[in-house]
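S.K.: Residues 23 to 277 in the working numbering are what the sequence shown lists, from first letter to last. Think of the CB as a built atom: it goes at the ideal place given N, C-alpha and C, for glycine as much as any other residue. Can you read through this structure? Questions will come right after.
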Amino acid sequence: MSHPSSTHIRCFLVRMICFTFGMCHVVAAEPEWTELITDAGLAGWHPVNEKEPHEWLVAEGVELDPQDQQRFSFRPGNGVLTNAQRAGKTQNLLSEKNYGDLEAHIEFNLPAGSNSGVFFMALYELQVADSYGKPEIVFSDCGGFYARPVDGQWVGGVAPLTNACQPAGKWQTYDVKFRAPRFDTEGKKTENARFLQVLHNGVLIHQDVEMEGPNSAHLDIPEAAAGPLMLQGDHGPIAYRNVRIREVRWDETED
């Protein structure tokens, strides 16, 4: 009969200690995803100017108007956030909650020729536009980071690496890893905001893009460590669904 080795005995003792004190399988819980569009209507959102009317509503779904491909028809219900009641010329919409570092999953749909944008922290726009089939794309196309206004001039702008657009009327996705700007104890910005990664319909279109400042038609607020998500609603009909946020903390060396 063989006797257990000292190694086997040590392993057995370690397992017994883990079992006794509950130390086995201790894994840090991953941050949970939060749905920003729920069955509670527009709960969690408000227009930029709450004293003025707006045309955002929730619907079960949208589809291209067979009589006008530049407009949507929609079905009453829940799950889809849209400004498609008329011509899609209404206020921008802000999330009630502010966010810093995050991962985001966003699904959007727009009719022919329409335009919108997702503003992270209400400052840094990821363009939404009907750019399907364009052989050459620029910063103002879908997936681009629009130029920013500096002393009355438009500066910069980053085009997506490739055109990953679907045709108008098709649901599309953005998957984004965003790192908020950093500030010291006196409130001075020490690091710019960065889009660590952006996937458009599963295709990589941006990798570690630094935002030197707010771009495009951003909300008139200062840069900060946290801010709301803003959906543009004044450039044409648009629909959003399955907008999910996961709050994380990206390390300074994250790429």
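Please work out which residues of its chain come closer than 8 Å, Cβ to Cβ, to N71, disregarding the five sequence neighbours upstream and downstream, and give them in chain order.
M.R.: What you label residue 71 is simply residue 49 of the sequence shown in a count that begins at 1. Excluding sequence neighbours, N71 sits near Q113.
S.K.: Name, in chain order, the residues that DSSP records as bridge partners for E213.
M.R.: By 1-based counting over the sequence shown, the position of residue 213 is 191. In the DSSP output, where bridge partners are listed per residue, E213 has R204.
S.K.: Per DSSP, G191 is paired with what?
M.R.: Position 169 of the sequence shown holds residue 191. Answer is none; G191 lacks a bridge partner.
S.K.: How would you write the range of the beta strand (DSSP E) that G83 sits in, first residue to last?
M.R.: On the sequence shown, residue 83 is found 61 positions in, with the first residue counted as 1. It spans L79 to D87 - the beta strand (DSSP E) in which G83 sits, taken as one unbroken run.
S.K.: Specify the secondary structure class of A154 as computed by DSSP and reduced to three states.
M.R.: Start at 1 with the first residue of the sequence shown, and residue 154 comes out as number 132. Here residue 154 turns out to be Tyr, not Ala, going by the sequence shown. Here Y154 sits in coil by DSSP.
S.K.: Report the rounded CA-to-CA distance for L58 versus L116, giving the unit in angstroms.
M.R.: The sequence position of residue 58 within the sequence shown is 36, counting from 1. The sequence position of residue 116 within the sequence shown is 94, counting from 1. Spanning the two alpha carbons is a distance of roughly 11 Å.
S.K.: Determine whether the beta carbon atoms of F217 and A247 lie at a separation below 8 Å.
M.R.: In the sequence shown, residue 217 corresponds to position 195, counting from 1. In the sequence shown, residue 247 corresponds to position 225, counting from 1. Result no, Cβ atoms of F217 and A247 do not sit closer than 8 Å.
S.K.: Which residues share a DSSP beta bridge with K199?
M.R.: Position 177 of the sequence shown, counted from the start, is the residue given in the question as residue 199. Its beta-bridge partners are E125 and Q219.
S.K.: For the beta strand (DSSP E) that T104 lies in, which residues bound it at each end?
M.R.: As a first step, residue 104 is located in the sequence shown; it is residue number 82 there, counting from the start. D90 to T104 is the extent of the beta strand (DSSP E) around T104.
S.K.: Can you check DSSP and say which residues form a bridge with V177?
M.R.: Residue numbering aside, residue 177 sits at position 155 when the sequence shown is read from its first letter. DSSP lists R170 as partners of V177.
S.K.: Which term fits G249, buried or exposed, when burial requires 16 or more other beta carbons within 10 angstroms of its beta carbon?
M.R.: The residue given as residue 249 occupies position 227 in the sequence shown. Buried.
S.K.: Quick one: grab the DSSP three-state call for V70.
M.R.: By 1-based counting over the sequence shown, the position of residue 70 is 48. If DSSP states are grouped into helix, strand and coil, V70 belongs with coil.
S.K.: Let's test the definition: count the other Cβ atoms within 10 Å of the Cβ of A65 and tell me whether it reaches 16, buried, or not, exposed.
M.R.: Taking the first residue of the sequence shown as 1, we reach residue 65 at position 43. Looking at its Cβ environment, which holds fewer than 16 other Cβ atoms inside 10 Å, A65 is exposed.
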